[in-house]
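Enquirer: Below is one structure. I have some questions about it.
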Amino acid sequence: MGHLDHAALGWLTPALSYAMACTGAALGLRCTVRALAATERARRNWLLTAASAIGTGIWTMHFVAMLGFRVHGTDIRYDVPLTLMSLLVAMIVVCVGVFAVGYGRHRGRALLLGGLTTGLGVAGMHYLGMAAVRLHGDVSYDPTRVGLSVLIAVAAATAALWAALDISSPFAVTGASLIMGAAVSSMHYTGMSAVSVRVTPSGAALPGATAMQFVFPLAVGLGSYLFLTAAFVALSPTAGERDATVSARRPAGSSAR
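Positions 7 to 263 (the working numbering) are the ones given, in order, by the sequence shown.
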């Protein structure tokens with residue numbers, strides 16, 4: 007069995023990946039809160055932004071953490087199409103979950119459907135990302151820990167969507183985001199603890215790209231998207247602020263006519 011190191015770069019990758027998960031969760035929650043106060047096209051646009059933020063945050067968290075993943079006795083490469091597919095899966099399933107909550111008429115049913123769909127999608131993204139790993143050897147998984155990681159993903163997704171419905175205060179959103187970041191990180195490292203690798207030494211070149219060639223630049227780009235979108239959302243007026251501005255600009259006595 008090959009020795010696995012999940013933090014070859016020390017605390018840098020776990021800390022940075024946790025920050026990415028928290029940023030995506032915070033931005034997604036704020037956008038969902040904005041969506042629930044909006045109507046028609048504005049609601050749809052806010053929900054799309056929320057889904058892209060949460061999906062991006064989760065995917066970036068996973069692959070930033072993977073930058074610190076090493077298996078002694080073999081190099082590691084990543085299959086580019088599968089890695090990109092894992093990003094697409096994260097975006098689509100989070101979008102389904104967020105829209106289920108944003109447009110659901112029955113709160114309990116919407117939370118159940120959204121949480122289950124999003125949680126299974128997050129787990130699917132994780133294991134699809136792991137399927138993209140190329141190394142000299144065979145990868146196997148402990149079924150119990152895999153099941154536990156899926157349960158954590160579903161619970162975390164349901165909690166996030168519940169928070170989006172019930173939390174509107176910026177301070178409360180921050181607290182919920184920190185908890186969500188911890189839950190997503192726990193899901194990742196629980197899933198990684200299920201991994202075992204039987205190394206088969208070989209001098210043959212591995213297919214795919216190295217983490218620094220492909221994963222790192224993509225993670226940096228998506229992380230930049232998160233922070234830029236966060237700045238946009240922070241500077242964008244809320245529905246209440248827009249209504250107050252319209253009222254202030256209305257000529258005196260216009261309401262009486």
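Glycine included, each C-beta is placed from N, C-alpha and C at the ideal position.
Give me whichever residues DSSP pairs with glycine 130 in a beta bridge.
Expert: Residue numbering aside, residue 130 sits at position 124 when the sequence shown is read from its first letter. Beta-bridge pairing links glycine 130 to no other residue.
Enquirer: So, with DSSP's three-state summary, where would you put glycine 16?
Expert: Numbered from 1 along the sequence shown, position 10 holds the residue referred to as residue 16. Note: glycine 16 maps to coil in three-state DSSP.
Enquirer: Tell me, please, whether the region 112 to 126 touches the region 148 to 161 by the rule of three or more beta-carbon pairs shorter than 8 Å.
Expert: The region 112 to 126 is in contact with the region 148 to 161.
Enquirer: Mapping the DSSP letters down to three states, classify leucine 141 as helix, strand or coil.
Expert: As a first step, residue 141 is located in the sequence shown; it is residue number 135 there, counting from the start. Strand.
Enquirer: Just to confirm the assignment, what range does the alpha helix (DSSP H) spanning serine 183 have?
Expert: As a position in the sequence shown, residue 183 is number 177, starting the count at 1. Segment 176 to 199, the alpha helix (DSSP H) holding serine 183.
Enquirer: Quick one: using the 10 Å Cβ neighbour count with 16 as the cut-off for buried, is leucine 18 buried or exposed?
Expert: By one-based count along the sequence shown, residue 18 stands at place 12. By the 10 Å Cβ count, leucine 18 comes out exposed.
Enquirer: I need the DSSP call for serine 92, collapsed to helix, strand or coil.
Expert: If you number the sequence shown from 1, residue 92 lands on position 86. Three-state DSSP puts serine 92 in a helix.
Enquirer: Take alanine 200 and list the residues in its own chain whose beta-carbon comes closer than 6 Å to its own, dropping the five residues that flank it on each side.
Expert: Translated into positions along the sequence shown, residue 200 becomes position 194. Excluding sequence neighbours, alanine 200 sits near Tyr147, Asp148, Arg151, Val152.
Enquirer: Where DSSP assigns a beta bridge to tyrosine 84, which residues make up the other side?
Expert: Walking along the sequence shown from the start, residue 84 turns up at place 78. Note: tyrosine 84 sits in a beta bridge opposite Val139, Ala215.
Enquirer: By the three-class DSSP mapping on this structure, what secondary structure does serine 242 have?
Expert: To locate residue 242, count along the sequence shown from 1; it is residue 236. Looking at serine 242 - three-state DSSP - the assignment turns out to be coil, as it is neither helix nor strand.
Enquirer: Mind the definition here: the region 207 to 222 touches the region 69 to 80 only if three or more C-beta pairs lie below 8 Å; say whether that holds.
Expert: Yes, they touch.
Enquirer: So, under 8 Å CB-CB, glycine 108 and leucine 53 are touching, yes? Tell me the CB distance rounded to an integer number of Å.
Expert: Walking along the sequence shown from the start, residue 108 turns up at place 102. Walking along the sequence shown from the start, residue 53 turns up at place 47. Indeed, because the Cβ distance is near 5 Å, the residues count as touching under 8 Å.
Enquirer: Can you give me the start and stop residues for the alpha helix (DSSP H) that alanine 170 sits inside?
Expert: Counted from its first residue, the sequence shown places residue 170 at position 164. Here the alpha helix (DSSP H) through alanine 170 covers 149 to 172.
Enquirer: Consult DSSP for leucine 10 and reduce its assignment to one of helix, strand or coil.
Expert: The residue labelled residue 10 in the question sits at position 4 within the sequence shown. Strand, per DSSP.
Enquirer: Taking buried to mean at least 16 other C-beta atoms within 10 Å of its own C-beta, is arginine 40 buried or exposed?
Expert: Start at 1 with the first residue of the sequence shown, and residue 40 comes out as number 34. Per the 10 Å Cβ criterion, buried.
Enquirer: Nearest to alanine 161 by CA position, among His112, Phe222, Ala129, is which residue?
Expert: In the sequence shown, the residue the question calls residue 161 occupies position 155. With distances taken between Cα atoms, alanine 161 lies closest to Ala129.
Enquirer: Taking DSSP's pairing of strands, which residues face arginine 76 in a bridge?
Expert: Along the sequence shown, read from residue 1 onward, the residue named residue 76 stands at position 70. Asp11.
Enquirer: With H, G and I counted as helix, E and B as strand and the rest as coil, what does DSSP make of arginine 204?
Expert: By 1-based counting over the sequence shown, the position of residue 204 is 198. Note: arginine 204 maps to strand in three-state DSSP.
Enquirer: Identify whether valine 252 lies in helix, strand or coil by the three-state DSSP scheme.
Expert: As a working mapping, residue 252 is identified with position 246 in the sequence shown. Bear in mind that the predicted position of valine 252 carries a pLDDT of just 45, short of 50, making it unreliable; the figure below should be weighed with that in mind. If DSSP states are grouped into helix, strand and coil, valine 252 belongs with the helices.
Enquirer: Can you give me the Cβ contacts of alanine 262 inside the same chain, cut-off strictly under 7 Å, excluding the 5 residues immediately before and after it?
Expert: On the sequence shown, position 256 is the one that residue 262 refers to. Summary for alanine 262: the model assigns pLDDT 46, below 50, so the residue's position carries little reliability; its value from the coordinates is reported in the next sentence. Hits under 7 Å: none found.
Enquirer: On a Cα-Cα basis, can you pick out the residue from Tyr195, Ser192, Gly114, Met131 that is closest to leucine 167?
Expert: Translated into positions along the sequence shown, residue 167 becomes position 161. It is Gly114.
Enquirer: Relative to the alpha-carbon of cysteine 37, which residue among Gly120, Ile173, Leu22, Arg76 has its alpha-carbon at the smallest distance?
Expert: The count along the sequence shown starts at 1 and reaches residue 37 at position 31. Nearest of Gly120, Ile173, Leu22, Arg76 to cysteine 37, Cα basis: Ile173.
Enquirer: Excluding five sequence neighbours on each side, which residues of the same chain lie with their C-beta closer than 6 Å to the C-beta of alanine 138?
Expert: By 1-based counting over the sequence shown, the position of residue 138 is 132. Closer than 6 Å at Cβ, skipping near neighbours: Tyr84, Asp85, Leu88, Thr89.
Enquirer: Should the region 190 to 200 be regarded as contacting the region 19 to 30, the criterion being three or more beta carbon pairs within less than 8 Å?
Expert: At 8 Å Cβ cutoff, the stretches touch.
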